[in-house]
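These notes are about the structure you will find just below.
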Amino acid sequence: MSAPAQATEVTEFLKKLPDLERLLSKIHSIGTPLKGQDHPDSRAVLYEETVYSKRKIADFLSALEGFKSMQEIVSVMESVSGEFKSKLLRQVVILKTRNEEGLFPDLKPELKRWDTAFDHQKARTTGVITPKAGFDPEYDQALSGIKDCERNLQDYLDRQKKRLGCRNLSYWGTGRNRYQMEVPDSVSERNIPEEFEVRSTKKGWKRYSTKEIERMFSELQSCEDKRDAALKDCMRRLFYNFDKNYKDWQTAVECMAVLDVLLSLSRYSQGGNGSMVKPEIVLPGTSPHSSPFLDLRGSRHPCVTRTYFGDDFIPNDVCIGCLGNEEEESGDDSKTLAPCVLVTGPNMGGKSTLMRQCGLIVILAQLGCYVPAESLRLTPVDRIFTRLGASDRIMSGESTFFVELSETASILLHGTEHSLVLLDELGRGTATYDGTAIASAVVKELSQRIRCRTLFSTHYHSLVEDYARDSAVKLGHMACMVENECDEDPSQETITFLYKFISGACPKSYGFNAARLADLPEEVIQSGHRKAREFERSTVTLRVFKKVCSLAEDPTAKQEQFSRLVQMISSLNMMESRSSHHVEVEHLTHSVVLNSVGDAELYRMSVSCVASVSTFMSMIWAVTSSGIQAIKSVAVD
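Take the sequence shown: its position 27, counting from 1, is numbered 27 in UniProt numbering, and each next residue is one higher.
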């Protein structure tokens, strides 16, 4: 904003504003016309009515003060509105009575009228609103009737003074015994008119009443009842009167809400710790490629840009549907348009934070705010879908996994090509195989059918391997540095989280490091590590078996595919080397597969020499020294 002094002054005003939208709603409900006399609400007896009335009046007066502050805000901003480049900003701070461009209603006449409507301080103290003359016609009419009745009674008394020749006549009494005419005994002993009826006496005086007095007194009581009823319903009528201008009050609130948002975005854009950049919104179809993309460079989490550790936050690049820095440097454009990024990394490495960071920055960008990054280019996002964290819905009888799947189903049902999806460790709420299968199917649906921009974090490394060569999926991970890496004793490892998002897959999740940081007993960690080694060996064996199956049935297999098989068997060999059954798997495999005459053709001929493919699979299933010898013997034969 080009007027920082005015912005600061207006911010102070805005801080003191009450929740006017809520107060308007309360005033509207209180000012609703009364229901019929037969309705139960009309017969309700409210206990502590005075207390509630004081609260209602306090809310009403608070609303009036809030609108006065709004008027002052407009006065401050209107004086510098000519400097504003934003049309929206000018609209919300210019009175519509002065300029066709303005939207803010002129509230001064109405606020001035309410300033003189009743005694604000008295009403706040007593809990009763007593309107001043001319503001409430019903109350004014009741007061006028009372004055007329009192004047008629006084005129009647004056006539009786002349009639009896006594100036000492006066009315006596309280409540319903009011207006008894006191006559001295000296006068009453003379000729008293017949219509005078004695009501009470005291020494030296008699008190009389007449039918005319009773009639006028009855009229007076009726007018007093009307006054009391009008006074009792006065708050509702005043609120109803106030609510007649609801459209103007609501428009003023909406204008201030927009101004508050614009000021907040302005302060955030100017006060961030580090680079703040104006996002570039690219309309679909106008970029070199027509697919939606997100190109975010040097981004930081929006919530930590002004915290005490903001300088220490590690910036990251997130590129979906476009080339990142690493791809540009390497010249690898095979996955340029990949809409899905599989995010791996160590536990506590920052995966979830990165995903939240990305979602918040997109929201800020489409709000029109500067974002904490070095650059941001994106096509518009129609929806942001998130599946973060893990929780059940105990009152609905829904388990954690059910909640995960229901939220994922909503994403698959409503997601479009222009959506942004953030999925965090889908499938962890059930068995590993079920979770991996569901996660794999969801990744396929998002990347190939919907093709929406997706960040999908996972600890399922088999999932990463399945999609490593998929052109619709890119791999990225949160980097870490491992010192004293030891496969035998994970307690010796020291993991340093780098919180840097880079391309490629993370080899491990380093869960035992998290266990150590959580102070799990050492014997529990060691036992878990032994079991993990068993699982890892079984997993690699199954992968080798799967690879052999695919190669045996693929007539177009290439030498590089055999090389990958060699690498897989080599990893199994490394695991075997930790036991007493170590064999030179890599050497034998190279000699059989890569160094033989004919290479891939020889391998397929070897498979065909076996009576059935299933027999060959059974032989390979135990890929130990005997398994490799089986490959060698088949190839030689």
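The beta carbon of each residue, even a glycine, is placed where N, CA and C say it ideally should be.
For residue i, does the count of other Cβ atoms within 10 angstroms reach 16, so buried, or fall short, so exposed?
i           : result
residue 303 : exposed
residue 315 : buried
residue 422 : buried
residue 467 : buried
residue 394 : exposed
residue 317 : buried
residue 160 : buried
residue 262 : buried
residue 18  : exposed
residue 301 : buried
residue 181 : buried
residue 541 : buried
residue 535 : exposed
residue 579 : Annotation note: pLDDT 43 at residue 579 (below 50); position unreliable, coordinate value reported separately. Exposed, since its Cβ has fewer than 16 Cβ neighbours within 10 Å.
residue 16  : exposed
residue 346 : buried
residue 431 : exposed
residue 75  : exposed
Just to confirm before moving on: does the CB-CB distance between residue i and residue j stay below 7 Å?
i           : j           : result
residue 135 : residue 179 : no
residue 57  : residue 124 : yes
residue 478 : residue 278 : no
residue 401 : residue 255 : no
residue 342 : residue 456 : yes
residue 447 : residue 380 : no
residue 369 : residue 265 : yes
residue 344 : residue 506 : yes
residue 407 : residue 387 : yes
residue 239 : residue 31  : yes
residue 383 : residue 419 : yes
residue 465 : residue 412 : no
residue 142 : residue 227 : yes
residue 525 : residue 510 : no
Apart from the five residues just before and just after residue i, which ones in its own chain have a Cβ nearer than 8 Å to its Cβ?
i           : result
residue 259 : 10, 14, 73, 77, 89, 92 and 93
residue 5   : none
residue 114 : 64 and 242
residue 615 : Any answer about residue 615 is weak, because its pLDDT of 42 lies below 50 and its placement is not dependable; what the coordinates show is given next. Excluding residues within five positions, none has a Cβ falling inside 8 Å.
residue 290 : 284
residue 12  : none
residue 71  : 107, 108 and 111
residue 153 : 171, 179, 213, 216, 217 and 220
Please determine, among the options, the residue with the shortest C-alpha to C-alpha distance to residue i.
i           : options               : result
residue 214 : 395, 149, 389 and 469 : 149
residue 364 : 274, 269 and 419      : 269
residue 292 : 61, 507 and 454       : 454
residue 59  : 50, 22, 75 and 70     : 22
residue 361 : 424, 519 and 376      : 376
residue 147 : 219, 132, 164 and 99  : 219
residue 100 : 109, 108, 107 and 87  : 87
residue 389 : 458, 245 and 514      : 458
residue 195 : 208, 185 and 183      : 208
residue 183 : 168, 177, 130 and 385 : 168
residue 485 : 475, 500 and 513      : 513
residue 472 : 322, 495 and 429      : 322
residue 385 : 444, 430, 271 and 452 : 452
residue 482 : 502, 508, 282 and 503 : 508
residue 450 : 438, 415, 430 and 424 : 415
residue 475 : 531, 534, 320 and 349 : 320
residue 372 : 267, 348, 529 and 443 : 267
residue 480 : 281, 442 and 493      : 493
Excluding five sequence neighbours on each side, which residues of the same chain lie with their C-beta closer than 7 Å to the C-beta of residue i?
i           : result
residue 212 : 156
residue 68  : 111
residue 436 : 427, 460, 462 and 463
residue 188 : 206
residue 20  : 63, 66 and 253
residue 229 : none
residue 172 : 180, 182 and 207
residue 129 : 57, 118, 123, 234, 235 and 238
residue 392 : 398, 399, 400 and 403
For residue i, which residues from the same chain have a beta carbon less than 6 Å from its beta carbon, with the 5 sequence-adjacent residues on both sides left out?
i          : result
residue 24 : 249
residue 50 : 127
Between residue i and the ligand FMN, is the CB less than 6 Å from at least one heavy atom?
i           : result
residue 476 : For the ligand FMN, the structure offers nothing, since it holds no ligand at all.
Nearest chain C C-beta to residue i closer than 7 Å, yes or no?
i          : result
residue 59 : Considering every chain present, this structure includes no chain C. It has just one protein chain.
Enumerate, from N- to C-terminal direction, the unbroken alpha helix (DSSP H) stretches of 4 or more residues contained entirely within the stretch 365-426. 400-414
Start-end ranges of the alpha helix (DSSP H) lying completely within the stretch 86-122, minimum 4 residues: 87-93 and 108-115
Curious, which full-length beta strand (DSSP E) runs of at least 3 residues does the stretch 194-264 contain? Counting only runs of 3 or more residues that sit fully inside the stretch 194-264, the beta strand (DSSP E) segments are 197-202 and 205-209, in chain order.
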